[in-house]
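The structure appears right after this line, and notes come after that.
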Amino acid sequence: MNVLSHNPCNLCPRNCGVNREDREGYCHTKRGIFVSYAGLHHYEEPMICAPSGSGTIFFSGCSLRCLACQNHSVSQGAAGEELSPAALCDLFLRLQEMGACNINLVTPTHQTYWILNALKLSRDKLHIPIIWNTSGYEHADTIRALRGYVDIYLTDIKFFSPALSFLYASASDYFEKASKALEIMVSQCPVVWGDNGLIKTGVIVRHLMLPGQNEDTLQILTHLESHFSPGDFYISLMRQYTPCHKALSHPPFHRSLTELEYKKAVKWLENSSFNGYVQEKNAVGMEYVPAFTSSENGSILPQVLDR
Ligand code: SF4
Numbered sequence: 000m001n002v003l004s005h006n007p008c009n010l011c012p013r014n015c016g017v018n019r020e021d022r023e024g025y026c027h028t029k030r031g032i033f034v035s036y037a038g039l040h041h042y043e044e045p046m047i048c049a050p051s052g053s054g055t056i057f058f059s060g061c062s063l064r065c066l067a068c069q070n071h072s073v074s075q076g077a078a079g080e081e082l083s084p085a086a087l088c089d090l091f092l093r094l095q096e097m098g099a100c101n102i103n104l105v106t107p108t109h110q111t112y113w114i115l116n117a118l119k120l121s122r123d124k125l126h127i128p129i130i131w132n133t134s135g136y137e138h139a140d141t142i143r144a145l146r147g148y149v150d151i152y153l154t155d156i157k158f159f160s161p162a163l164s165f166l167y168a169s170a171s172d173y174f175e176k177a178s179k180a181l182e183i184m185v186s187q188c189p190v191v192w193g194d195n196g197l198i199k200t201g202v203i204v205r206h207l208m209l210p211g212q213n214e215d216t217l218q219i220l221t222h223l224e225s226h227f228s229p230g231d232f233y234i235s236l237m238r239q240y241t242p243c244h245k246a247l248s249h250p251p252f253h254r255s256l257t258e259l260e261y262k263k264a265v266k267w268l269e270n271s272s273f274n275g276y277v278q279e280k281n282a283v284g285m286e287y288v289p290a291f292t293s294s295e296n297g298s299i300l301p302q303v304l305d306r
């Protein structure tokens with residue numbers, strides 16, 4: 000199988016099989032690269048975020064489309080500007096010139112085929128790490144194709160239970176695919192620290208705690224402990240769940256996390272063998288979502304933002 004095929008498209012586990020030259024799949028994007036935000040972002044985990052900021056690029060569309068997506072205007076809407084691989088390469092270099100400590104590709108999976116061309120063009124010109132910032136819902140072979148182009152995987156592990164991932168993201172095979180992809184990420188990118196105190200290569204596993212789903216969080220941590228070694232990756236436990244979008248009519252996702260739910264999960268992480276990072280309470284809310292750009296209100300390139 001040609002894993003990086005966009006015709007028929009099999010870039011992610013949805014396996015839509017559409018011809019992306021002229022049709023959208025589940026991810027709501029046709030062929031090409033669509034960017035909805037580019038700028039220096041200062042709120043990533045401290046091991047990947049220098050004071051100068053992470054050079055963050057949000058891609059439009061998403062193959063997961065969660066109930067409570069804070070970025071739903073771009074992940075499930077039409078915002079974004081089309082860039083050629085050469086223009087995306089220029090954007091990487093512009094962010095590097097602005098002082099970005101890395102290039103942080105957010106939700107890139109469904110555009111992998113074209114983003115890889117930009118990564119190839121930039122290879123000899125970039126001297127900062129490339130981060131693949133993904134929902135975790137990845138084809139194993141797509142992650143294999145990124146070997147040598149990606150330095151840091153910042154991957155979600157969102158759900159353990161197939162019933163939960165079906166309810167929340169219509170993807171009952173989420174954990175099966177995400178855990179397999181994680182194994183390959185770990186084999187590609189052992190954790191190495193740079194002289195600047197930031198991770199140069201490695202894997203960070205993000206888990207966003209969901210209201211009423213403590214048991215699922217515990218099952219994820221238990222699985223990771225039994226299948227990986229403590230030095231394989233860092234865990235980032237996130238509490239920023241903000242009820243929004245379709246979740247507002249889907250209890251218990253219509254509410255925020257309780258203090259008790261949060262404290263239980265932190266305790267489990269502390270008692271595990273993993274090194275981790277726990278997000279502070281004040282990092283919760285929609286004010287941490289970037290102001291996205293659409294093709295109607297100007298070009299991404301001249302207005303890379305500092306936030
Ligand atoms: S990348 Fe999009 S079109 Fe391709 S399989 Fe995934 S959801 Fe379907």
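Residue 58 in numbering that gives the first Met the number 0 sits at position 59 of the sequence shown, and the numbers go up by one each step. Glycine included, each C-beta is placed from N, C-alpha and C at the ideal position. Given the structure is predicted, the values throughout are model-derived calculations rather than measurements.
Which value, in whole angstroms, describes the spacing of the CA atoms of residue i and residue j?
i	j	result
D89	E96	10 Å
L145	T55	18 Å
M285	P242	Confidence at M285 is low in this model, with a pLDDT of 49, below 50, so its placement is unreliable and the value that follows should be read with caution. Using only the alpha carbons, I get a separation of about 10 Å.
M237	R205	7 Å
T154	I129	13 Å
H27	Q278	31 Å
I198	F232	11 Å
A86	S59	16 Å
Y112	T133	15 Å
E81	P7	21 Å
G16	N9	6 Å
K176	P12	7 Å
Y148	R122	8 Å
K29	G98	32 Å
D21	K119	25 Å
H138	I102	22 Å
F33	G79	5 Å
F227	V190	13 Å
L256	L207	10 Å
E23	N270	45 Å
Which class does residue i belong to by DSSP, given the choice of helix, strand or coil?
i	result
K199	strand
I151	strand
Y233	strand
I308	Residue 308 is absent from the model: the chain starts at 0 and stops at 306.
R19	coil
E81	strand
I47	helix
C88	helix
R30	coil
L10	coil
V191	strand
V303	coil
Report, in whole angstroms, the separation of the C-beta atoms of residue i and residue j, which I expect to be a contact under 8 Å.
i	j	result
I234	F273	5 Å
C100	C48	7 Å
H109	H244	Not really, about 19 Å apart at Cβ, beyond 8 Å.
R151	T200	It should be pointed out that residue 151 corresponds to Ile in this sequence rather than to Arg. Their Cβ separation, rounded to whole angstroms, is 6 Å, which keeps I151 and T200 in contact under 8 Å.
G135	A180	6 Å
E44	I203	6 Å
Y167	L66	5 Å
N213	E258	Not confirmed; about 12 Å, so no contact.
Check the Cβ-Cβ distances between residue i and every residue of chain B, and say whether any is below 8 Å.
i	result
S228	In summary, chain B is missing from the structure at hand, where a single protein chain is found.
Relative to ligand 3, is the shortest distance from any of its heavy atoms to the C-beta of residue i smaller than 7 Å?
i	result
V277	For ligand 3, the structure offers nothing, since it holds only ligand 1.
Shell residues, 5 Å Cβ cut-off relative to heavy atoms of ligand 1: C8, L10, C11, R13, C15, G24, Y25, C26, S62, H109
Continuous alpha helix (DSSP H) assignments of at least 4 residues falling wholly in the region 249–285: 258–270
Completely contained beta strand (DSSP E) runs for the region 84–131, where each covers 3 or more residues: 102–105
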